[in-house]
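Residue numbers (the working numbering), protein chains in the order written: chain Z, 1 to 211; chain W, 1001 to 1211.
Beta carbons are placed, not taken as given, at the ideal position from N, Cα and C, and that holds for glycine.
2 protein chains.
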Amino acid sequence: MRTNRVKNFRAAQEQHQQNLRQGILDDASSLLMQEGANALTMRRIAETVGCSTTVLYTMFGNKQGLIDELYLRGFDMLQQYLEAVSHLGNLRNYIYALCHAYRNFAMANQTYYSIMFLKVIPEYTPDETNLKLGQASLKLLAQAIRDCFTGEESEDKAWEIARVIWATVHGHVGLEMMNYFNYSDVSAPQILERALQALVNELLPDLDNSQ
Amino acid sequence: MRTNRVKNFRAAQEQHQQNLRQGILDDASSLLMQEGANALTMRRIAETVGCSTTVLYTMFGNKQGLIDELYLRGFDMLQQYLEAVSHLGNLRNYIYALCHAYRNFAMANQTYYSIMFLKVIPEYTPDETNLKLGQASLKLLAQAIRDCFTGEESEDKAWEIARVIWATVHGHVGLEMMNYFNYSDVSAPQILERALQALVNELLPDLDNSQ
DNA sequence: TAGTTCGCATAACAGCGTTCTTTTAGAAAA
DNA sequence: TTTTCTAAAAGAACGCTGTTATGCGAACTA
């Protein structure tokens, strides 16, 4: 049965491609986390993987294509941070915890966060598709906010408020990363907490009686 | 009088150095504004000025040194935006206006803002001195906030609140620049306005009776 | 078995920040 | 005025970068 042999070969080849692809991304990821975005050059990646740069270009097209995958990985990691947050307490504390989880992710994975939200790699800017995929990682935050409302039309409103809160957290994280908060008496999480309390107090309905 | 001739020569030389320095920075600045941070290479700058790269290195040491000057120029421009804000209305509206002026500066000078607050140039990170000099541009905001308080101990408190508001505005601007707000029904300034109102309501004393 | 296609490595190209070497213009000295 | 010296600038070079062209060898097709 030659056709079967061919099929098996194709399948094996496909499998090999997939394994190689994941291996490359794993190596690029550890390179990014251990040595920062500056170390993320096509040559370094190829060297780490143990192949030539040609493989990277046939596999991902160009550097943008490779970083795109890391970009999405970053949002997956962010989502995992958010999903790990317990929502046993009341909604208000849950929302605070989500925001602090967001900050924890950013601080523990600064190199990833820089790719996702700062322009550390001149050759890379996420396209529209990836921007939307990334935003989906904030679904949990939007859901928690929607749960604060009882009305029917609250879907869009929840996303709007989620964006306000997201932007606020992002701003604090961004300035903290640029060391703009280095010489302050108040710690960065405390400053963030203040802003969050203010936003929740003003933008969300009274949550005292929520679970 | 030979010593006078020498003095005049030295002075003329000094003057020439200063003119050249400013000319280089002007050219680099227009390069940055017209073609973005990617065009800001030592070779392009030298070509625009009409000299060799050697001149840039003897004058500024390295690229970091040259960008340092642009970084400070950016904060000067930001300060001018803030100083142009009329503080005739009440304090609350003045603070809002300062924040929107900040956003206007950022949006009108995205390339400058990127240098100041995003890491668009891998070779450049501002040092501690410049970070502090930059922060001083927010003096007007801190002053306006301090004016909201009557007590004596309000200096530090005003700076803390200023940082909260600053981070919030920065976050909104940063996400807007990364196009994360592109597909929203609510405009970016409206989202920002919401966040600001919430912060002012919660963090500042009642301002109804202020001038 | 002969021909072809495909995957990969090697080498190259243009451009980057930076530095080394060489030229040159102009002040100082004679 | 002519020579000498110095300081500044130009140009080439080095080791990087992303990307592309070339070439080779192995595996499928006929």
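Let me see if you follow: with CB-CB separation under 8 Å, is residue i close to chain Z or not?
i          : result
W/Met-1178 : yes
W/Phe-1075 : no
W/Gln-1079 : no
W/Pro-1189 : no
W/Ala-1195 : yes
W/His-1016 : no
W/Asp-1156 : yes
W/Arg-1163 : yes
W/Glu-1160 : yes
W/Thr-1003 : Note that W/Thr-1003 has pLDDT 46, beneath the 50 cutoff, so the model's placement of it is unreliable and the number below is only indicative. No, no contact with chain Z.
W/Asp-1185 : yes
W/Gly-1065 : no
W/Lys-1139 : no
Could you check whether the Cβ of residue i sits closer than 8 Å to any Cβ belonging to chain W?
i         : result
Z/Gln-143 : no
Z/Ser-114 : yes
Z/Leu-131 : yes
Z/Phe-105 : no
Z/Phe-149 : no
Z/Pro-205 : no
Z/Ala-198 : yes
Z/Ala-84  : no
Z/His-170 : yes
Z/Glu-202 : yes
Z/Gln-135 : yes
Z/Gln-211 : In this prediction, Z/Gln-211 has a pLDDT of 45, which is less than 50 and means its spatial position is unreliable; what the coordinates show is noted afterwards. Not one chain W Cβ lies under 8 Å of Z/Gln-211.
What's the call for residue i, buried or exposed, on a 16-neighbour Cβ count within 10 Å?
i          : result
Z/Thr-150  : exposed
Z/Leu-78   : buried
W/Arg-1103 : buried
Z/Met-1    : In this prediction, Z/Met-1 has a pLDDT of 40, which is less than 50 and means its spatial position is unreliable; nothing more can be read from the coordinates.
W/Pro-1122 : exposed
Z/Lys-132  : exposed
W/Thr-1111 : buried
Z/Leu-175  : buried
Z/Pro-126  : buried
W/Val-1200 : buried
W/Tyr-1094 : buried
Z/Tyr-180  : buried
Z/Leu-88   : exposed
W/Ala-1198 : buried
Keeping to the same chain, check which residues put their C-beta closer than 6 Å to that of residue i; ignore five residues upstream and five downstream.
i          : result
Z/Phe-75   : Gly-134, Ser-137
Z/Ser-210  : Caution is warranted here: a pLDDT of 47 is assigned to Z/Ser-210, below 50, making its placement in the model unreliable, and the coordinate value is therefore given only provisionally. Excluding positions up to five away in sequence, the list reads Asn-90, Leu-91.
W/Ile-1145 : Ala-1158, Ile-1161, Ala-1162
W/Ala-1195 : Thr-1168
W/Phe-1105 : Leu-1078, Tyr-1081
W/His-1172 : Leu-1192
Z/Leu-32   : Leu-40, Thr-111
Z/Leu-20   : none
Z/Ala-101  : Tyr-81, Leu-82, Val-85
W/Ala-1097 : Val-1085
W/Ala-1188 : Glu-1176, Phe-1181
In terms of residue numbering, what span does the alpha helix (DSSP H) encompassing residue i cover?
i          : result
W/Pro-1189 : 1188-1203
W/Val-1164 : 1154-1177
W/Thr-1125 : Where W/Thr-1125 is concerned, there is no enclosing alpha helix (DSSP H), given that its DSSP letter is neither H nor E.
W/Cys-1148 : Premise fails: W/Cys-1148 is in no alpha helix (DSSP H) and is neither H nor E.
W/Tyr-1057 : 1053-1060
W/Val-1049 : 1042-1049
Z/Ala-106  : 91-108
W/Gly-1074 : 1063-1083
Leaving out five residues before and five after residue i in sequence, what residues of the same chain have Cβ atoms less than 8 Å from its Cβ?
i          : result
W/Gln-1143 : Ala-1158
W/Asn-1130 : Asp-1068, Tyr-1071, Leu-1072
Z/Ala-37   : Thr-111, Ser-114, Ile-115, Val-120, Ile-121
Z/Ala-164  : Before going further, note that residue 164 of chain Z is Val rather than Ala in the sequence given. Here the set comprises Leu-199, Leu-203.
Check whether the Cβ of residue i lies closer than 7 Å to any heavy atom of the ligand PLP, and answer yes or no.
i          : result
W/Asn-1130 : The model depicted lacks the ligand PLP and carries no ligand whatsoever.
To which residues of the same chain is residue i closer than 7 Å at the C-beta, ignoring the five residues directly before and after it?
i          : result
Z/Gln-64   : Glu-123, Tyr-124
Z/His-170  : Phe-117
W/Ala-1028 : Leu-1040, Ile-1045, Leu-1066, Leu-1070
W/Thr-1048 : Asp-1027, Leu-1031
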